[in-house]
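Chemist:
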Amino acid sequence: MQIRVLGRVEYAPTFEAMRAFTEGRADDTPDELWLCEHPPVYTLGLAAKAEHLLNPGDIPVVQTNRGGQVTYHGPGQVVAYPLVDLRRLGIYVKEYVYRVEHAVIQTLEGYGVTGHRVAGAPGIYVHLADPSGHARLTGPRTDPFAGLGKIAALGIKIANHRAYHGVALNVKMDLSPFDGINPCGYAGLKTVDLDTLRVSTDWGTAATRLGERLATHLSP
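Counting from 1, one number per residue, gives the positions in the sequence shown under UniProt numbering.
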């Protein structure tokens with residue numbers, strides 16, 4: 001897998017470049033992993049509902065072809081786009097999502113933070129009261145997000161067994177734009193970053209660590 005660090009790039013042309021790469025690749029095209037951050041932008045998934053976009057203000061809103069609802073990208077967030085041939089890896093979508101999420105969980109572990117999955121809500125969450133604790137989420141829970149903050153959002157597109165779009169890990173960013181949406185379609189869902197959890201790191205270090213974990217889990 002070739003890792004490309006793009007730095008800060010506009011969302012729309014990056015989206016079009018991912019789509020063009022995926023549509024134009026052949027069976028022997030090497031997989032790639034793009035690591036970047038975007039200027040402030042709200043992106044809408046195919047299932048996004050207008051009522052989840054509460055107050056976009058001056059932040060651009062872009063319609064995409066990924067799954068999921070509405071999310072926010074901005075400076076200080078590591079956005080990872082694995083461009084992967086699932087058929088060559090011998091896996092299906094459910095396993096792909098599991099591997100991407102596991103890469104995020106392992107990246108967080110390296111910072112002493114415990115990541116959690118919530119059934120039916122892709123992405124990675126942390127216990128706000130005890131971010132480093134290892135107590136598992138137990139159910140049933142009346143409110144599945146009680147006491148949790150979302151630190152990584154996931155949204156993918158599969159075309160002819162080839163994946164693009166990806167995952168966004170919040171490192172050190174202005175979180176206030178998340179107040180302008182129902183993140184991923186969930187009203188009142190709190191969004192956090194590593195800085196909120198008192199983890200000191202920089203974008204480049206976090207991007208490198210996440211990139212290494214993704215490359216490990218998504219290589220043959």
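All C-beta atoms, glycine included, are put in the ideal place defined by N, C-alpha and C.
(1) Measuring alpha carbon to alpha carbon, tell me which of Asp-31, Ala-12 and Arg-19 ends up nearest Val-61.
(2) Give the secondary structure of Val-118 by DSSP, where H, G and I count as helix, E and B as strand, and everything else as coil.
(3) Please go through the same chain and pick out, in chain order, the residues whose beta-carbon is closer than 6 Å to the beta-carbon of Gly-76, but skip the five residues on each side of it.
(4) Would you mind sorting Val-93 into buried or exposed? The rule is 16 or more other CB atoms within 10 Å of its CB.
(5) Throw me the rounded Cβ distance for the Tyr-81 and Ile-59 pair, which I believe falls under 8 Å.
(6) Rounded to the nearest angstrom, what separates Phe-15 and Ala-47 at their Cα positions?
(7) According to DSSP, what are the bridge partners of Gln-63?
(8) Considering only C-alpha positions, which residue in the set Ser-176, Leu-86 and Leu-108 is nearest to Leu-210?
(9) CB-CB under 6 Å to Leu-44, same chain, minus the five flanking residues each way: which ones, in chain order?
(10) Put Gly-166 into one of helix, strand or coil per three-state DSSP.
(11) Quick check on the burial criterion: 16 or more other C-beta atoms within 10 angstroms. Buried or exposed for Thr-191?
(12) So what does DSSP say about Asp-28, is it helix, strand or coil?
(13) Considering only C-alpha positions, which residue in the set Pro-144, Pro-122, Arg-87 and Arg-162 is nearest to Ala-20?
(14) To the nearest angstrom, how far is it from the Cα of Ala-215 to the Cα of Tyr-72?
(15) Checking 7 Å against the spacing of the C-beta atoms, do Val-100 and Val-167 come in under that value?
Modeler: Short version:
(1) Taking Val-61 as reference, the option from Asp-31, Ala-12 and Arg-19 with the minimal CA-CA separation is Ala-12.
(2) If DSSP states are grouped into helix, strand and coil, Val-118 belongs with the strands.
(3) Here Gly-76 has Val-171, Lys-172 and Met-173 as same chain residues with Cβ atoms under 6 Å from its own Cβ, once five neighbours each way along the sequence are excluded.
(4) Exposed, by the Cβ-count rule.
(5) Taking 8 Å as the upper bound for CB-CB distance, Tyr-81 and Ile-59 are not in contact here, some 21 Å apart.
(6) Taking the straight line joining both Cα atoms gives about 17 Å.
(7) BP columns for Gln-63 point to Leu-44.
(8) Taking only the C-alpha atoms, the option nearest Leu-210 is Leu-108.
(9) So the qualifying residues of the chain are Gln-63 and Val-70.
(10) DSSP places Gly-166 in strand when its eight states are reduced to three.
(11) Thr-191 is buried by the Cβ-count criterion.
(12) Residue state, collapsed to three classes: coil.
(13) Put simply, of Pro-144, Pro-122, Arg-87 and Arg-162 the residue whose alpha carbon is nearest the alpha carbon of Ala-20 is Arg-162.
(14) Those two C-alpha atoms are separated by around 24 Å.
(15) Yes.
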